[in-house]
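Each remark here refers to the structure printed beneath this line.
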Amino acid sequence: MLYLLPFWTLLQKEVQRWFVSPVQTLIAPMITSSLYLFIFGLSLGKRISVGTDITYIQFVVPGLVLMGVLNNAFANSSFSLFISRYLGHMVDLLVTPIGPAQFIMAYTIASILRGLVVGAAILFISCFFTTLPVFSPWLALLMASLASFMIAQLGIIAGIYSDSFEAISMYTTFLLLPLIYLGGMFYPISILPPFWQGLSRFNPLFYTIDGFRHCLVGVGDSAIAVSFAVTGAISIVLFLWAAALLGSGHNLRK
Amino acid sequence: MAKSMSNKSLAGPALEIEHLTKAYSGSVVVDDLCLRIESGEIYGLLGPNGAGKSTTINLITGVAKMQKGSVRVFGYDTVKNYRETRRLIGVMHQEVVFDPFFSVGKALRIHSGYYGVKDDPKWRELLIEKLALGPHVDKKIHKLSGGMKRRFMVAKALVHKPALLILDEPTAGVDVELRRALWDFVSLINKEGTTVVLTTHYLEEAEQMCDRIAILNKGKVVAVDSTANLMKQVERRTLKVWLDKETSTLPASLDEFRPSSEENGRVWRFCLAGQQHSGQVLQVLFSERIGVREVETHSPSLEDVFVNITGIDRTETKAK
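As they're listed, the protein sequences go chains A and B.
For what it's worth, the working numbering labels the leading residue of the first sequence as 11, then goes sequentially.
For what it's worth, the working numbering labels the leading residue of the second sequence as 525, then goes sequentially.
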């Protein structure tokens with residue numbers, strides 16, 4: 011009971027926390043994605059060719075879905091950790107029998123669930139704009155889960171290191187969004203000049219976006235196996251980093 | 525009433541602290557602290573601001589990292605067996621903190637689960653009833669008044685039926701009604717077997733509630749004893765006498781009571797040490813035909829003990 015119930019309670023609490031504010035967590039990304047789909051899909055999209063068998067809107071949808079997944083998985087773990095430190099109720103967790111492993115898994119699973127729910131909602135919205143040539147839905151689900159696992163670790167790290175709202179927003183503004191937008195969300199990196207193509211391959215989120223697109227619609231710049239390998243390796247590094255921070259109590263225990 | 529874990533299988537002292545040391549930025553806050561608190565006690569940790577009371581509590585509960593020493597709760601080491609010790613402890617921190625996303629009832633259910641304790645609706649409802657939280661159970665916590673938030677904090681500390689309850693300044697800034705209700709409830713759960721450790725700035729509360737008291741100053745324990753024994757340390761009973769008329773001198777036989785005058789000799793104060801008593805002073809005054817209008821005796825309080833031991837006058841501190 012000292013292992014499973016505390017973990018299960020923390021997981022439920024983390025999931026319920028984003029369920030109680032659906033406008034922020036679910037409706038807002040759906041509206042944003044609808045706007046992207048309208049602009050890039052129905053208006054500009056007809057004039058853009060990405061040099062593949064699929065239309066531009068079919069190319070953009072996987073990127074939009076994964077952007078929703080990544081943004082929300084990151085927001086869930088980072089905000090929850092940061093706000094509980096900022097408001098002081100982190101002590102409510104620190105005095106309980108919840109260990110670092112339970113802690114990290116509860117926050118991670120809650121983040122993955124939120125990411126996948128938002129991703130599914132965006133995918134549902136996209137059905138009103140286009141029909142996707144689905145390649146491998148299970149592999150796509152696996153990549154979305156792995157990508158949200160990876161970014162949830164980054165969220166935990168950001169939530170532990172950040173001491174102000176400005177600091178936590180910097181992770182989104184200066185790290186996450188540039189990496190997502192420059193990771194081939196709106197374009198295949200194959201259309202870029204060789205230097206920028208090479209540089210894009212150092213962007214870890216390129217492998218999540220490209221890998222997800224490859225799994226979902228069968229079009230990608232990189233092999234699916236490479237995308238899984240890179241995303242998996244980065245996930246392990248970030249997980250170990252987050253686990254070390256939680257284990258040592260860095261910025262959590264005085 | 526639901527029993528705490530102390531009534532099941534726990535033996536030995538509720539809390540054993542050995543050579544506990546903690547420093548922040550080179551400044552020692554807790555200095556080689558040793559304490560032993562027996563099961564079933566109500567134990568007071570007193571001391572001026574910065575004495576190390578809250579840091580000690582943070583070290584016991586795991587909010588702060590220990591640098592040296594050890595803490596055992598009912599025989600379990602708080603580092604090696606942290607899951608067991610944290611399950612046994614319920615703590616109400618000095619700062620009112622809560623998760624703003626949840627209602628009172630929901631938050632209590634969550635807290636029970638955090639400790640690996642299945643929700644016990646009867647116990648939860650009893651807490652809600654005893655702490656008068658009934659009308660607010662469906663409200664978000666941030667919508668409660670300050671006093672109600674404090675009541676919620678108490679319920680939160682108790683919802684998993686801890687064997688050791690730690691209350692850090694539970695009555696700071698709360699009204700008389702809540703203070704009375706809180707102490708009545710603490711007495712009740714103590715009778716049911718829960719060991720209680722408390723800090724408070726209201727020394728009269730500690731005097732009434734605690735079986736034993738430790739006084740901390742600059743991170744060290746400067747006195748530990750039963751409340752009664754601590755009171756005996758200060759032989760400062762005084763007798764204050766209002767006379768019929770101003771008197772500049774008193775009979776020499778009263779010198780042993782170290783008389784001092786106020787209001788131009790209208791009021792006299794006498795110190796009573798050891799076996800001395802008020803009757804001896806009054807007998808001399810009557811025999812010398814000095815008219816007495818009013819008398820007042822003052823027994824030593826924990827406040828006097830505190831001042832005597834720490835050298836800190838709390839009335840001056842409060843005034844500042």
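Each residue gets a CB set at the ideal place from its N, CA and C atoms; glycine is no exception.
For G5 (chain A), which option in A:N82, A:M160 and A:N86 has the closest C-alpha, if you only look at C-alpha atoms? Any question about residue 5 (chain A) goes unanswered here, given that chain A covers just 11 to 264.
For C795 (chain B): DSSP bridge partner residues: Translated into positions along the second sequence, residue 795 (chain B) becomes position 271. BP columns for C795 (chain B) point to B:T762.
Counting only Cβ pairs nearer than 7 Å, list the residues of chain B close to I244 (chain A). Sequence index remark: in the first sequence, residue 244 (chain A) carries index 234 (1-based). What I244 (chain A) touches in chain B: nothing, since even the nearest Cβ is about 30 Å away.
Name the chain B residues that come within less than 7 Å of L256 (chain A), Cβ to Cβ? Counted from its first residue, the first sequence places residue 256 (chain A) at position 246. What L256 (chain A) touches in chain B: nothing, since even the nearest Cβ is about 13 Å away.
By DSSP, does L655 (chain B) sit in helix, in strand, or in coil? Within the second sequence, numbered from 1, the residue matching residue 655 (chain B) stands at position 131. Coil.
Taking the alpha carbon of S174 (chain A) as the point to measure from, which residue in A:N213, A:Y191, A:L126 and A:R95 has its own alpha carbon closest? Taking the first residue of the first sequence as 1, we reach residue 174 (chain A) at position 164. With distances taken between Cα atoms, S174 (chain A) lies closest to A:R95.
Please decide whether P110 (chain A) counts as near chain B, where near means a Cβ-Cβ distance under 8 Å. Your numbering for residue 110 (chain A) matches position 100 in the first sequence. In terms of beta-carbon proximity, P110 (chain A) stays away from the interface with chain B, with every pair separated by 8 Å or more.
Is T65 (chain A) helix, strand or coil when you go by DSSP? The residue given as residue 65 (chain A) occupies position 55 in the first sequence. T65 (chain A): coil per DSSP, three-state reduction.
Give me the residue from B:K577, B:S563, B:Y567 and B:I561 with the minimum Cα distance to G743 (chain B). For this step, residue 743 (chain B) is matched to residue 219 along the second sequence. Among B:K577, B:S563, B:Y567 and B:I561, the Cα nearest to that of G743 (chain B) belongs to B:K577.
Kindly indicate the opening and closing residues of the beta strand (DSSP E) around N741 (chain B). Counting from one through the second sequence, the residue named residue 741 (chain B) turns up at place 217. Taken as a continuous stretch (DSSP letters only), the beta strand (DSSP E) holding N741 (chain B) covers R736 to N741.
First through last residue of the alpha helix (DSSP H) which encompasses M115 (chain A): Reading the first sequence from its first residue, position 105 is the one you call residue 115 (chain A). Taken as a continuous stretch (DSSP letters only), the alpha helix (DSSP H) holding M115 (chain A) covers P110 to S136.
Euclidean distance between Cα positions of M180 (chain A) and Q163 (chain A): The residue labelled residue 180 (chain A) in the question sits at position 170 within the first sequence. The residue labelled residue 163 (chain A) in the question sits at position 153 within the first sequence. One C-alpha to the other measures close to 16 Å.
Against chain B, does G129 (chain A) count as a neighbour if the rule is that its beta carbon must be under 8 Å from one of theirs? Position 119 of the first sequence, counted from the first residue, corresponds to residue 129 (chain A). Chain B, which has no Cβ nearer than 8 Å to the Cβ of G129 (chain A), makes this no.
With a threshold of 16 other CB atoms inside 10 Å of the CB of F212 (chain A), please say whether the residue is buried or exposed. For this step, residue 212 (chain A) is matched to residue 202 along the first sequence. Answer is exposed; the Cβ neighbour count stays below 16.
Interface residues of the region 86-106 of chain A facing chain B [CB-CB below 9 Å]: I93, S94, L97, G98, H99, M100, V101, D102, L103, L104, V105 and T106
Which residue wins for smallest C-alpha separation from D63 (chain A), given the options A:L250, A:A253, A:I122 and A:G228? By 1-based counting over the first sequence, the position of residue 63 (chain A) is 53. Of the listed residues, the one whose Cα sits closest to D63 (chain A) is A:G228.
Assign S750 (chain B) to one of three DSSP states: helix, strand, or coil. Within the second sequence, numbered from 1, the residue matching residue 750 (chain B) stands at position 226. If DSSP states are grouped into helix, strand and coil, S750 (chain B) belongs with the strands.
Are the C-beta of G634 (chain B) and some C-beta of chain A separated by less than 8 Å? Translated into positions along the second sequence, residue 634 (chain B) becomes position 110. Looking at the sequence itself, residue 634 (chain B) is Ile, so the reference to Gly does not match. Closer than 8 Å: yes.
Starting from T580 (chain B), follow the alpha helix (DSSP H) in both directions and report where the run begins and ends. Start at 1 with the first residue of the second sequence, and residue 580 (chain B) comes out as number 56. Where T580 (chain B) is concerned, the enclosing alpha helix (DSSP H) stretches over K577 to T585.
Measuring straight from C-alpha to C-alpha, what distance separates L126 (chain A) and R703 (chain B)? Taking the first residue of the first sequence as 1, we reach residue 126 (chain A) at position 116. Taking the first residue of the second sequence as 1, we reach residue 703 (chain B) at position 179. Here the alpha carbon of L126 (chain A) sits roughly 49 Å from the alpha carbon of R703 (chain B).
Excluding the five sequence neighbours on either side, which residues of its own chain have a C-beta within less than 8 Å of the C-beta of A730 (chain B), listed in chain order? Reading the second sequence from its first residue, position 206 is the one you call residue 730 (chain B). These residues qualify, in order along the chain: G568, L570, L722, T724, I737, T751 and L826.
Is any beta-carbon of chain A found at less than 8 Å from that of K589 (chain B)? Taking the first residue of the second sequence as 1, we reach residue 589 (chain B) at position 65. Closer than 8 Å: yes.
A239 (chain A): which of A:G257, A:W251 and A:D220 sits nearest, CA to CA? Here the question's residue 239 (chain A) lines up with position 229 in the first sequence. The shortest C-alpha separation from A239 (chain A) is found at A:D220.
Are there 16 or more other CB atoms within 10 angstroms of the CB of F626 (chain B), so buried, or fewer, so exposed? Mapped onto the second sequence, residue 626 (chain B) falls at position 102. Buried.
Give the single residue among A:G73, A:D102 and A:P110 whose Cα lies nearest to the Cα of N582 (chain B). Translated into the one-based positions of the second sequence, residue 582 (chain B) becomes position 58. Comparing Cα-Cα distances from N582 (chain B) to each of A:G73, A:D102 and A:P110, the minimum goes to A:D102.
Evaluate the contact criterion for the region 135-144 of chain A versus the region 678-689 of chain B: three or more CB pairs, one atom per stretch, below 8 Å. no
Could you check what DSSP says for V621 (chain B) in three-state terms: helix, strand or coil? Sequence index remark: in the second sequence, residue 621 (chain B) carries index 97 (1-based). Coil.
Own chain residues within Cβ distance below 8 Å of S777 (chain B), not counting five before or after: Stepping through the second sequence from its first residue, residue 777 (chain B) is reached at position 253. Cβ within range, chain order: V808.
Looking at the strands, I want to know which residues DSSP matches up with S601 (chain B). On the second sequence, residue 601 (chain B) is found 77 positions in, with the first residue counted as 1. For the sequence presented, residue 601 (chain B) should be read as Asp rather than Ser. Answer by DSSP bridge pairing, in chain order: B:R596.
Just to confirm my understanding: we take E818 (chain B), look at its own chain, exclude 5 residues before and 5 after, and list those with CB closer than 7 Å. What are they? As a working mapping, residue 818 (chain B) is identified with position 294 in the second sequence. Excluding residues within five positions, the ones whose Cβ falls inside 7 Å are W766.
Going by DSSP in three states, M180 (chain A) sits in which element: helix, strand or coil? Walking along the first sequence from the start, residue 180 (chain A) turns up at place 170. In this structure, M180 (chain A) counts as helix in the three-state DSSP scheme.
Suppose you measure from the CA of M40 (chain A) to the CA of F50 (chain A); what does that come to, to the nearest Å? If you number the first sequence from 1, residue 40 (chain A) lands on position 30. If you number the first sequence from 1, residue 50 (chain A) lands on position 40. If I take the Cα positions, the gap works out to 15 Å.
Does any C-beta atom of chain D lie closer than 8 Å to the C-beta of T19 (chain A)? Among the chains of the structure shown, chain D does not appear; the protein chains present are A and B.
Please list the terminal residues of the continuous alpha helix (DSSP H) segment that includes R611 (chain B). Against the second sequence, residue 611 (chain B) aligns to sequence position 87. Start and end: Y606 to L612.
Buried or exposed for L14 (chain A), going by 16 or more other Cβ atoms inside 10 Å? For the purposes of this step, residue 14 (chain A) is identified with residue 4 of the first sequence, where counting begins at 1. L14 (chain A) should be labelled exposed.
Quick check: the region 587-605 of chain B against the region 65-79 of chain A, are at least 3 beta-carbon pairs closer than 8 Å? Taking a cut-off of 8 Å on C-beta distances, the region 65-79 of chain A does not touch the region 587-605 of chain B, as fewer than three cross pairs fall below it.
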